[in-house]
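For reference, the structure discussed in these notes is given below.
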Amino acid sequence: MDTLPTPGLTAVIGGLDLVGIAVFALTGALLAAKLRQTFVTMAFFALVTGVGGGSVRDLLIGAPVFWVRDPWVAPVCMGVALLAWFTPSRWWDKPVLEWADAAGLGAYAVLGTAKALAYGVTPVPAVLMGVITGCVGGIIRDVLAGRPSILMRPELYVTAAALAAVVCAGGAALGLPNAVVWPIAALAGFGLRGAAIWWRLGLPVYNFQQKDR
Amino acid sequence: MDTLPTPGLTAVIGGLDLVGIAVFALTGALLAAKLRQTFVTMAFFALVTGVGGGSVRDLLIGAPVFWVRDPWVAPVCMGVALLAWFTPSRWWDKPVLEWADAAGLGAYAVLGTAKALAYGVTPVPAVLMGVITGCVGGIIRDVLAGRPSILMRPELYVTAAALAAVVCAGGAALGLPNAVVWPIAALAGFGLRGAAIWWRLGLPVYNFQQKDR
Amino acid sequence: MDTLPTPGLTAVIGGLDLVGIAVFALTGALLAAKLRQTFVTMAFFALVTGVGGGSVRDLLIGAPVFWVRDPWVAPVCMGVALLAWFTPSRWWDKPVLEWADAAGLGAYAVLGTAKALAYGVTPVPAVLMGVITGCVGGIIRDVLAGRPSILMRPELYVTAAALAAVVCAGGAALGLPNAVVWPIAALAGFGLRGAAIWWRLGLPVYNFQQKDR
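Protein chains in written order, with our numbering: chain A, 1 to 213; chain B, 214 to 426; chain C, 427 to 639.
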């Protein structure tokens, strides 16, 4: 580990983390509500969805797992579960939640990439850390719920995280200041995911017939 | 890591670990038997169920993974798989196994919480480490077997682990001696899980109709 | 960690790693193609299948995760995904791929065991690390794809990895030189897996009726 993050960078990273965690935790809790689960399951889903991606990233880059060392992240996830339990689920309309999730996705992908770079990871694995941070919580949530994960749907989801991560790592490689690169990268990811929601964009799928003639 | 565990505490933790591991490993091996799997799969299920929760806990709190550094835990899991392979599965009656699993659940939840606290984790994440230690092995077992996990059933299971973990962390916060708190906490978890088995207690599930009127 | 690997050993381990990674990544990418997924999903499957087993091994033995610290492994997985995307899947005939996978399985199981031993892990857990290195990438791939994992099929697959790992750990315990033990162990695993492919060998499954009379 050549370049350990400075305290200032760590603080910014911590702040960005909370942006994504609460929204992701809410998507987990609401899936549990939809599946008519108990409060305890709801809390477990909120936690796993909120911190799953960041936990896998921290383990892979050899950082202390952020939420285990932070006294606030886990209580926030539990609070989100309480909120989801005591409010009618129609408050959390699908469009509202989808757009909030898109914002969390962009922020989380940038955060994950930046943290990996700060720990001395080279660009390609660092981009993958951004994608993992943005998507793995949702993938674990879907696997636990026994439904096809976001990974298996042709919607642009993982791709939006990849775009944000690539812009972030590219900016860092060009030596541009983080204060410029990070917002642009997060907006790029949010914008692509937003376009996918708005115009129902998807990626082309592997085409057997054309290729296997 | 402010407070590394003392050698004495480590020994106690190691002992408690073995209580849960063999029973959990047996539930894994018997599920593989029920699914008519081979011995190798049975051994894999015994291992994953026995050490899965503790492994995730150790990774998250930054401790060396207990069974990789211990020459006995893995052989015990393999021995349990041999036992399950060579004995008729009716020896392992559902009620007997369920009660043994309940005891393991209580012990494991306390152990996980205590170990996390010993590694300087704050109370809320420490409680979650207790729940993870008690439940994650079974969840991985169920996901690998492709069946709905204990997480998704309304039965009080995760909740019993949560009770044991909360009592353990609460006692530690009040400064009570471990020798008093740990048995009480483990008994509380075992008692709640036992009550759930005996009276078929479950938690209420999220109620759409009532809340979404 | 008593015996840290020497630079020489690390280089050999790195080389063996690449043998398995590209083949495993290809099996992941081709499964995604068969499931008619997008390029991004294909790349994710290639990565997870290629590095999944080695990542879990490195986390469990406390080593830095190999592909996060290596600038080449992740690009190789992305390259394999590109190759799978732009070529007709009939190029990657099932028999060819199965035999290449068998070779990767043997090499990976030996590598995983040797790396664990080099990090001071005792023989039984070290053998399990070999099995994990060989099989866990494929298991994660299958769970993500929502299909029964290699673990649940009676075919000799996990068993072949176990044979290679046992031969490797046994040779080390007898003090034989690695240059002799490693090729023999890898060939033993490859041979058993090859025999299973050729003669469709399987292990016996747990027999209820016979044992439960």
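Yeah, the Cβ is synthetic: ideal placement off N, Cα and C, and Gly gets one too.
Small disclaimer: the values here were computed from a predicted structure and weren't measured.
By the CB criterion at 8 angstroms, P336 (chain B) and A382 (chain B) fall inside the cutoff.
Fully enclosed alpha helix (DSSP H) runs of no fewer than 4 residues occupy 94-118 and 123-145 of the stretch 81-165 of chain A, in order along the chain. Taking 8 angstroms as the CB threshold, S268 (chain B) lines the interface with chain C.
Taking I345 (chain B) as the centre and dropping the five residues before and after it, the same chain places the C-beta of G266, V269, R270, L273 and G325 closer than 8 angstroms to its C-beta, in chain order.
Within chain B, not a single residue places a beta-carbon under 7 angstroms from that of A81 (chain A); the smallest gap is close to 11 angstroms. The beta carbon of L627 (chain C) sits closer than 7 angstroms to those of L582 and A621, all from its chain and outside the five residues before and after it, given in chain order.
For A259 (chain B), the enclosing alpha helix (DSSP H) covers residues F252 to I274. The beta-bridge partner set that DSSP reports for V205 (chain A) consists of C:T464.
Shown in chain order are the members of the stretch 486-513 of chain C whose Cβ falls below 9 angstroms from a Cβ of chain B: L486, I487 and G488. In the DSSP assignment, R619 (chain C) falls within the unbroken alpha helix (DSSP H) covering N604 to W625. The C-alpha of V278 (chain B) is placed about 38 angstroms away from the C-alpha of R193 (chain A). Taking a beta-carbon distance threshold of 8 angstroms, A588 (chain C) counts as an interface residue toward chain B. For G388 (chain B), the three-state secondary structure derived from DSSP is coil. Under the Cβ distance rule, L554 (chain C) counts among the residues neighbouring chain B, one pair being separated by less than 8 angstroms. Classified as exposed, W412 (chain B) has fewer than 16 neighbouring CB atoms from the shown chains inside 10 Å of its CB. Put simply, the CB of G572 (chain C) is near chain A, with a gap under 8 angstroms to one of its CB atoms. Using a Cβ-Cβ cut-off of 8 angstroms, L105 (chain A) does not count as an interface residue toward chain B, since no Cβ of chain B sits closer than that to its own. In the structure shown, W285 (chain B) adopts coil according to DSSP, grouped into three states.
In this structure, the straight-line span from the alpha carbon of V51 (chain A) to that of C77 (chain A) is close to 9 angstroms. Think of a sphere of 8 angstroms around the beta carbon of V253 (chain B): the chain C residues whose beta carbon falls inside it are V584, T585, A588 and L629, in chain order. Its chain contains A102, A103 and G106 as the residues whose beta carbon lies nearer than 6 angstroms to that of F190 (chain A), once the 5 sequence neighbours on both sides are disregarded; these appear in chain order. Your pair V80 (chain A) and A22 (chain A) checks out as a contact, with CB atoms roughly 6 angstroms apart and the cut at 8 angstroms.
The alpha-carbon separation between A118 (chain A) and L128 (chain A) amounts to approximately 14 angstroms. V253 (chain B) places its beta carbon less than 8 angstroms from that of V584 (chain C). L602 (chain C) sits exposed, since fewer than 16 C-beta atoms from the chains shown fall within 10 Å of its C-beta. Shown here, F279 (chain B) sits in a helix according to DSSP, grouped into three states.
Residue contact check for S362 (chain B) against chain A: a CB pair falls below 8 angstroms.
For the stretch 522-550 of chain C, the beta-carbon criterion of a distance under 7 angstroms to any beta-carbon of chain B is satisfied by V547, T548 and V550. For the pair V607 (chain C) and A598 (chain C), the CB atoms are nearer than the 8 angstroms cut-off. Within chain C, V569, L570 and G572 have C-beta atoms less than 9 angstroms from the C-beta of V143 (chain A), given in sequence order. A direct Cα-Cα distance of roughly 54 angstroms separates A33 (chain A) from I610 (chain C). Its Cα nearest to that of A469 (chain C), the residue C:A500 stands out among C:A500, C:G564, C:L444 and C:S575. Nearest to A179 (chain A) by alpha-carbon distance, out of A:V110, A:S89 and A:D142, is A:V110. Taken atom to atom, the span from the alpha-carbon of G241 (chain B) to that of I150 (chain A) is near 29 angstroms.
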